[in-house]
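Written below as structure tokens is the structure these notes are about.
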Amino acid sequence: MQNLHTTKVSADAHRNEQAAENHGLRFERYFTRRGVHPFDEIEWEKRTATIANEKGEKIFEQQD
644 MQNLHTTKVS
654 ADAHRNEQAA
664 ENHGLRFERY
674 FTRRGVHPFD
684 EIEWEKRTAT
694 IANEKGEKIF
704 EQQD
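Basically the working numbering = 1-based index in the sequence shown + 643.
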């Protein structure tokens with residue numbers, strides 16, 4: 644039979660360990676602006692999309 648050693652850790656010690664793990668890499672904002680959704684920065688073009696089968700018959704169409 645193996646000897647099994649266990650250690651109890653207090654909740655505070657566990658929280659401190661988690662806080663230490665949360666100090667990962669930090670990156671400065673580069674491609675976006677604070678408070679502006681990235682999709683709002685794009686100039687969108689509306690287009691019609693069509694899918695045809697091998698005979699050229701339209702099987703799906705999405706207008707604008």
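From the three backbone atoms N, C-alpha and C, an ideal C-beta is built for every residue, glycine too.
Through-space distance from residue j to residue i, alpha-carbon basis
i, j, result
"residue 693", "residue 667", "46 Å"
"residue 695", "residue 701", "4 Å"
"residue 705", "residue 698", "19 Å"
"residue 669", "residue 688", "34 Å"
"residue 678", "residue 684", "11 Å"
"residue 665", "residue 686", "37 Å"
DSSP state of residue i mapped onto helix, strand, coil
i, result
"residue 684", "helix"
"residue 697", "coil"
"residue 703", "strand"
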